[in-house]
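Engineer:
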Amino acid sequence: EAGVAQSPRYKIIEKRQSVAFWCNPISGHATLYWYQQILGQGPKLLIQFQNNGVVDDSQLPKDRFSAERLKGVDSTLKIQPAKLEDSAVYLCASSVTGQVNTEAFFGQGTRLTVV
Amino acid sequence: AQSVTQLDSQVPVFEEAPVELRCNYSSSVSVYLFWYVQYPNQGLQLLLKYLSGSTLVKGINGFEAEFNKSQTSFHLRKPSVHISDTAEYFCAVSDREAAGNKLTFGGGTRVLVKP
């Protein structure tokens, strides 16, 4: 079974530029999550989708971050404009459902460096 | 709201020695509890979880954890570690009452197994 795919693996941009990350979840998984992991900290949930609808985006900085999951499969996370403090690893995860007894599988992440 | 505290940021341990990683949480509601492992340059992988029932939970790779409600703790243990256990370990909780499976993570404990 293929895992959660993310691209790119690494990205370096200058502040005020824009950037987009892509995530392809495990086939058949209805729930998709984006987490931000700043160096030295645990991951923090940015947004959770159930199919193509948003379940929770309470911690997404909506003035600069946006995410979409068209057709309920792939998802993109965009930052525009980027700030230095956005430097982090962005992790995508998926699960069969949003229920706690279904495991969330994580991708390898995209490491973003903003200079 | 919940918070998770992992009391040790780094734990050096010799191969075949036991290890314990401490996790305490704070929450105004009942929670589910999880431990994840993150190997270098990889995504997070679920080690074990506590949903209900026996407070001693066994996971993969010989790890186990014990839920202590009175002390609001969920410490992770392994009786004999291997070099391959070198990784970062994250404790996490999720709200039993909330929709979805939003995980709140601790800051992580980096385990370095020495030969």
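As you go down the protein sequences, you meet chains R and U in turn. All residue numbers for the first sequence refer to our numbering, where the first residue is 1 and numbers rise by one. All residue numbers for the second sequence refer to our numbering, where the first residue is 1001 and numbers rise by one. The beta-carbon is built from N, C-alpha and C at its ideal position, and this holds for glycine as well. From a predicted model like this one, the values you see are computed outputs, not experimental measurements.
Count the other CB atoms, across all protein chains shown, that sit within 10 Å of the CB of U:Tyr-1039; report buried if there are 16 or more and exposed otherwise.
Structural biologist: Exposed.
Engineer: By Cβ distance, which residues of its chain are closer than 7 angstroms to R:Pro-8, with the 5 residues on each side in sequence left out?
Structural biologist: Cβ neighbours of R:Pro-8 beyond the five flanking positions: Thr-110.
Engineer: Pick helix, strand or coil for R:Gly-53, following the three-state DSSP scheme.
Structural biologist: Of the three classes helix, strand and coil, the one that applies to R:Gly-53 here is strand, per DSSP.
Engineer: Note down the Cα distance separating R:Trp-34 from R:Leu-91, rounded to an integer number of angstroms.
Structural biologist: Taking the straight line from one Cα to the other gives about 6 angstroms.
Engineer: Report the CB separation of U:Val-1081 from U:Glu-1015 in whole angstroms; it is logged as a contact under 8 angstroms.
Structural biologist: Contact holds; Cβ gap of about 6 angstroms.
Engineer: Quick check: is the beta carbon of U:Gly-1043 nearer than 8 angstroms to any beta carbon in chain R?
Structural biologist: Interface residue, yes.
Engineer: Which runs of the alpha helix (DSSP H), 4 residues or longer, sit entirely within the stretch 46-111 of chain R?
Structural biologist: Here no run is fully enclosed.
Engineer: To the nearest angstrom, report how far apart U:Glu-1066 and R:Gly-3 are at their CA atoms.
Structural biologist: So the alpha carbons of these two residues sit roughly 30 angstroms apart.
Engineer: Please identify the residue among R:Gly-40, R:Val-55, R:Leu-45, R:Pro-61 whose C-alpha is closest to the C-alpha of R:Ala-93.
Structural biologist: When each option's Cα is compared against that of R:Ala-93, the closest is R:Leu-45.
Engineer: If contact means a Cβ-Cβ distance below 7 angstroms, which residues of the stretch 102-113 of chain R contact chain U?
Structural biologist: Those residues of the stretch 102-113 of chain R that come within reach of chain U (Cβ to Cβ, closer than 7 angstroms) are Glu-103, Ala-104, Phe-106, Gly-107, Gln-108, Gly-109.
Engineer: With a 10 Å radius around its C-beta and 16 neighbouring C-beta atoms as the bar for buried, classify U:Gln-1006 as buried or exposed.
Structural biologist: Buried is the call here.
Engineer: Output needed in chain order: residues of the stretch 50-67 of chain R with a Cβ under 7 angstroms from some Cβ in chain U.
Structural biologist: Result list: Val-55, Asp-56.
Engineer: Any C-beta of chain R within less than 9 angstroms: which residues of the stretch 1097-1108 of chain U qualify?
Structural biologist: Going along the stretch 1097-1108 of chain U in chain order, one finds Ala-1098, Ala-1099, Gly-1100, Asn-1101, Lys-1102, Leu-1103, Thr-1104, Phe-1105, Gly-1106, Gly-1107, Gly-1108 with a Cβ nearer than 9 angstroms to chain R.
Engineer: Taking R:Gly-53 as the reference, give the member of R:Arg-69, R:Gln-41, R:Pro-61 with the closest Cα.
Structural biologist: For R:Gly-53, the nearest C-alpha among the options comes from R:Arg-69.
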